[in-house]
Amino acid sequence: MASLAISFSGVSVSPALYKAISGKFDDFRGGFVSGKDNIFTRKRSSTIVSVATQPPPRVVVNPSTGKDITGETKKLAAWTSVKQERWEGELNVEGELPLWLNGTYLRNGPGLWHLGDYNFRHLFDGYATLVRLHFENGHLVMGHRQLESDAYKAAKKNNKLCYREFSEVPKQDNFLAYIGELANLFSGASLTDNANTGVVHLGDGRVVCLTETQKGSIIIDPATLDTLGKFEYSDSLGGLIHSAHPIVTDSEFLTLLPDLINPGYLVVRMEPGTNERKVVGRVDCRNGPAPGWVHSFPVTEHYVVVPEMPLRYCAQNLLKAEPTPLYKFEWHPESKAFVHVMCKASGKIVASVEVPLFVTFHFINAYEQTDEDGRVIGVIADCCEHSADTTILDKLRLNNLRSYSGEEDVLPDARVGRFIIPFDGSPNGKLEAALNPDEHGRGMDMCSINPAFLGQPYRYAYACGAVRPCNFPNTLTKIDLVDKKAKNWYDEGAVPSEPFFVARPGATEEDDGVVISMISAKNGEGYALVLDGKSFQEIARAKFPYGLPYGLHGCWVPNKSSP
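Here the numbering used here is used: the first residue of the sequence shown is 1, the next is one more, and so on.
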């Protein structure tokens with residue numbers, strides 16, 4: 001072990017420093033397997049079904065009782081593992097799809113949460129399930145398939161966890177094996193490449209699935225959902241993690257690389273057709289033992305907005321064999337919260353302000369404020385803000401999601417949080433609600449906008465809100481940030497996934513288009529849903545052959561002949 005070197009963001013760390021930040025090795029022994037009750041000795045059964053072109057037999061459900069003909073209550077499919085590895089077929093459309101809607105909506109998300117009889121703990125642990133909705137001339141073809149990451153293939157082959165997931169750590173037989181696994185952690189070898197968070201369509205046409213580990217960048221074929229291989233970065237920037245939500249346009253790819261040793265963030269840009277990231281600039285953290293979690297970030301036309309949240313990465317928690325309530329993070333309210341603004345062209349910091357404490361997974365959009373002479377005087381940045389409440393992470397444990405009775409109101413409050421960041425040298429910025437949170441049931445996450453308004457002043461956002469009581473966002477919501485009103489679509493007992501806006505070709509109005517979502521119905525079934533972007537009324541739906549797991553984020557891949 002004398003030669004062991006540990007690396008975060010390309011920085012080598014001595015074993016002495018490693019021991020200092022990780023504490024005593026004995027702290028981690030609680031996660032070792034012992035005796036007979038472990039995933040290595042339990043009876044194992046195959047969980048992966050071979051490719052199918054037909055759905056499994058239809059089960060008739062009594063809609064009044066929610067039970068099938070055997071009397072068994074049908075459960076919400078959102079939190080259950082996908083029924084089979086893949087399926088594809090044309091769906092029967094109820095209603096009428098716009099003839100201009102030609103292209104493919106891809107959705108990524110965790111969809112397999114067990115290995116044999118071992119069940120994962122957290123929503124974010126599941127192996128990635130890709131879903132494809134292909135729209136063409138009023139028809140709709142759906143397909144789903146597991147992403148062939150190294151983590152998934154190893155689990156499938158060995159019937160056990162082989163890489164570190166969000167809350168799961170491979171169980172080791174003895175202490176020496178555990179120490180070896182730690183060495184693999186710091187080299188990045190044991191970190192997962194399970195790209196189960198998002199999927200992006202690059203300006204050069206490539207489609208890439210992403211998660212927060214850099215190695216979890218995987219290229220797929222949007223027409224077949226085939227896994228084509230790793231997206232290998234050709235630069236020498238190094239590091240292990242990045243933002244799960246880069247900013248992707250036809251002309252560029254921007255992301256953040258957190259530095260866990262010298263707390264800060266590199267802002268990097270990648271041009272279409274290349275795999276080389278180039279540094280725009282660096283932001284040094286203002287406080288705290290580590291950088292704040294940056295699951296996402298926003299941009300304006302000329303600036304990158306870098307949030308420094310007091311929910312900060314924690315190396316000690318990352319090393320532990322069993323998860324803490326905040327997993328790989330730690331809440332440091334004493335370290336305060338900040339927002340930094342960097343010029344895209346020069347890489348210089350033009351504003352760095354303290355803001356009220358906040359917790360967010362997802363930023364919605366940002367834009368520049370100008371005075372009457374057209375000079376930029378500040379930036380507005382909107383996000384889905386969870387009222388500085390970190391308990392949202394633990395609410396996403398699968399046991400919590402699956403055991404919900406429907407009676408308690410346990411979803412933490414959330415709002416459209418609006419940051420106001422002045423450029424006049426003021427030390428403080430503001431954080432306020434962009435509209436009354438009661439308009440959307442005090443639930444707010446999984447947002448999208450018309451992409452033509454990225455980084456520009458905008459009026460409308462689409463997200464998941466709430467009808468309470470609930471334990472998870474259960475509405476589709478159209479937010480009007482000018483009139484400060486919301487329209488909500490709701491199907492009792494159902495869980496909708498991210499609403500994705502697709503603009504009508506040639507549209508001149510911001511909300512002229514459709515909103516696509518996938519719904520897990522309360523009777524265990526599921527369907528694709530298309531809403532009119534203006535009225536927010538349903539115009540079409542198409543039932544799936546069976547309910548699908550909840551998904552996270554998606555992208556639109558237009559047909560080559562489409563605008």
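Cβ coordinates follow ideal geometry from the N, Cα and C atoms, glycine included.
Classify residue i as buried or exposed, calling it buried when 16 or more other Cβ atoms lie within 10 Å of its own Cβ.
i: aspartate 371; result: exposed
i: lysine 560; result: exposed
i: glutamine 172; result: buried
i: lysine 36; result: Low confidence applies here, because lysine 36 scores a pLDDT of 33, under 50, leaving its location unreliable and the question unanswered by this model.
i: aspartate 193; result: buried
i: leucine 146; result: According to the sequence provided, residue 146 is glutamine. The question's leucine does not apply to it. Buried.
i: glycine 425; result: exposed
i: glycine 374; result: exposed
i: alanine 244; result: buried
i: alanine 77; result: buried
i: glutamine 54; result: For glutamine 54, the predicted structure reports a pLDDT of 40, less than 50, and the residue's modelled location is therefore unreliable. The matter cannot be settled from this model.
i: serine 34; result: Bear in mind that the predicted position of serine 34 carries a pLDDT of just 32, short of 50, making it too unreliable to give a figure here.
i: leucine 99; result: exposed
i: isoleucine 218; result: buried
i: threonine 227; result: buried
i: aspartate 26; result: Here the model assigns aspartate 26 a pLDDT of 40, short of 50, so the residue's position is not dependable, and the following value carries that caveat. Under this definition aspartate 26 is an exposed residue.
i: valine 60; result: In this predicted model, valine 60 has a pLDDT of only 38, less than 50, meaning its place in the structure is not dependable; the value taken from the coordinates is given anyway. With fewer than 16 other Cβ atoms within 10 Å, it is exposed.
Among the options, which one has its Cα closest to the Cα of residue i?
i: valine 294; options: Asp259, Glu301, Leu76; result: Asp259
i: glycine 89; options: Tyr127, His134, His122; result: His134
i: leucine 115; options: Leu130, Gly143, Ile421, Lys157; result: Lys157
i: valine 248; options: Asn159, Leu161, Pro451, Ala128; result: Pro451
i: histidine 362; options: Gly198, Gly188, Gly239, Asp445; result: Asp445
i: arginine 132; options: Gly95, Trp87, Asp125; result: Trp87
i: alanine 528; options: Arg402, Phe419, Gly95, Asp226; result: Gly95
i: threonine 213; options: His553, Trp489, Phe358, Glu232; result: Glu232
i: proline 291; options: Ala244, Tyr313, Phe166; result: Tyr313
i: valine 557; options: Leu101, Leu76, Leu97; result: Leu101
i: aspartate 413; options: Pro422, Asn436, Asn400, Ile421; result: Asn436
i: valine 200; options: Glu252, Glu165, Tyr163, Pro170; result: Glu252
i: arginine 107; options: Glu538, Asp532, Val355, Ser497; result: Ser497
i: glutamate 432; options: Leu411, Asp491, Ile380, Cys209; result: Ile380
i: lysine 484; options: Ser448, Tyr458, Glu439, Gln456; result: Glu439
i: alanine 315; options: Lys83, Leu481, Pro263; result: Pro263
i: proline 545; options: Val141, Leu319, Val482; result: Val141
i: proline 246; options: Gly216, Asn275, Phe297; result: Phe297
i: arginine 206; options: Val341, Leu393, Ala434, Gly273; result: Gly273
i: aspartate 409; options: Phe419, Val376, Pro457, Asn474; result: Asn474
i: leucine 531; options: Leu552, Phe500, Pro505; result: Phe500
i: arginine 418; options: Val376, Leu357, Thr390; result: Leu357
In terms of residue numbering, what span does the alpha helix (DSSP H) encompassing residue i cover?
i: asparagine 399; result: 398 to 402
i: alanine 151; result: 150 to 158
i: isoleucine 392; result: 392 to 395
How about residue i and residue j: do their beta carbons lie closer than 9 Å?
i: glycine 347; j: valine 299; result: no
i: leucine 454; j: asparagine 365; result: yes
i: asparagine 317; j: leucine 311; result: no
i: lysine 395; j: phenylalanine 329; result: no
i: valine 93; j: alanine 540; result: yes
i: cysteine 285; j: phenylalanine 338; result: yes
i: glycine 547; j: alanine 521; result: yes
i: arginine 442; j: alanine 466; result: yes
i: proline 570; j: threonine 80; result: In this structure the chain extends from 1 to 563, so residue 570 is not present and cannot be described.
i: valine 502; j: valine 514; result: yes
i: lysine 250; j: glycine 203; result: Note on identity: in this sequence residue 250 is aspartate, with lysine being the wrong assignment. A contact, by the Cβ cut-off of 9 Å.
i: proline 170; j: serine 190; result: yes
i: asparagine 196; j: phenylalanine 120; result: no
i: isoleucine 421; j: valine 353; result: yes
i: asparagine 275; j: glutamate 308; result: no
i: proline 457; j: tyrosine 550; result: no
i: histidine 386; j: alanine 345; result: no
i: phenylalanine 423; j: leucine 476; result: no
At what residues does the beta strand (DSSP E) containing residue i begin and finish?
i: isoleucine 364; result: 360 to 370
i: isoleucine 479; result: 475 to 480
i: leucine 210; result: 207 to 210
i: asparagine 108; result: 103 to 108
i: proline 258; result: 253 to 259
i: tryptophan 556; result: 553 to 558
i: leucine 140; result: 139 to 146
i: glutamate 88; result: 86 to 90
i: lysine 543; result: 538 to 543
i: threonine 227; result: 227 to 230
i: histidine 201; result: 198 to 201
i: threonine 129; result: 127 to 136
Check whether the Cβ of residue i lies closer than 8 Å to any heavy atom of the ligand SAH, and answer yes or no.
i: glycine 417; result: Because no ligand of any kind appears in the structure shown, any question about the ligand SAH cannot be addressed here.
inquiry  = Going residue by residue through the segment 482 to 534, where are the continuous beta strand (DSSP E) segments of at least 3 residues, counting only ones entirely within it?
reply    = Correct list: 485 to 490, 500 to 503, 513 to 520, 526 to 532.
request  = Tell me the start and end of each unbroken alpha helix (DSSP H) in the segment 275 to 339 that is at least 4 residues and wholly inside, in chain order.
outcome  = Complete alpha helix (DSSP H) runs here, min 4: 315 to 319.
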